[in-house]
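Read in this note's numbering, the sequence shown has 126 at position 81, and its numbers run on one by one without any break.
Okay, structure first, notes after.
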Amino acid sequence: METSISASPTPTLRIHKDHPKSQIIGSVDTPIQTRHKSKMVEEQSFMATIHQKTDPALLQFCLFSCFLSQVEPKKVPDALQDPCWVEAMQEELLQFKIQKVWTLVDCPKGVRPIGTKWVLKNKKDEKGIVVRNKARLVA
């Protein structure tokens, strides 16, 4: 009961650093494109398509409005330029008047008035989408 099993020799793997030109797809002079770069190209082409099919003035207004709703202004003059923030500030002052917790009076001589500061925050839902602009006047 002698059986002989013939085994093929172990295949060897050859790694070539320089491939022949016949195996290269495309031009040799063009750089390689990674997945990250191809994603950036897709995003840029998407924006270009939107820009071509939309009135440029309308597109700029929409992009500005979308960007502005996400911004928390650092200074009061910046907030006063946006109607949403002006409305939030008016709402805060109205609450002071309704609850009768704050009244404006003339400052007596020799007395330093209490300073106030506006704190402006975006209130977001669980998905991170801005739901409301909140303005608080603090002493």
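The C-beta atom is built at its ideal place from N, Cα and C for all residues, glycine as well.
Closest to residue 134 by CA distance: which of 102, 179, 184 is it?
Comparing Cα positions, the closest option is 179.
Beta-carbon contacts of residue 184 that lie in its chain and below 6 Å, excluding the five residues immediately before and after
Excluding sequence neighbours, residue 184 sits near 159, 161.
Three-state secondary structure (DSSP) of residue 113:
Low local confidence applies: a pLDDT of 46 at residue 113 is under 50, so the model's placement there is unreliable, and no value is given.
Closer than 8 Å is the cut-off here; do at least three beta carbon pairs connect the region 123-132 with the region 168-182?
Counting Cβ pairs under 8 Å, three or more are found: they touch.
Excluding five sequence neighbours on each side, which residues of the same chain lie with their C-beta closer than 7 Å to the C-beta of residue 137?
Excluding positions up to five away in sequence, the list reads 180, 181, 182.
Does the beta-carbon distance from residue 121 to residue 147 come in below 8 Å?
If you check the CB distance, residue 121 and residue 147 do not come in under 8 Å.
Would you say residue 127 faces chain C, with C-beta separation under 8 Å as the test?
Given the protein chain composition of this structure (a single chain), no chain C is represented.
Alpha carbon of residue 144 to alpha carbon of residue 151, nearest angstrom:
Approximately 21 Å between the Cα atoms of the pair.
Between the beta-carbon of residue 118 and the beta-carbon of residue 165, is there less than 8 Å?
Pairing residue 118 with residue 165 gives a Cβ-Cβ distance under 8 Å.
Would you report the Cα separation of residue 172 and residue 131, rounded to the nearest angstrom?
Spanning the two alpha carbons is a distance of roughly 25 Å.
Please state the DSSP three-state secondary structure of residue 149.
Coil, per DSSP.
Residue 184 by DSSP, collapsed to three states: which one?
Secondary structure of residue 184 (DSSP, three-state): coil.
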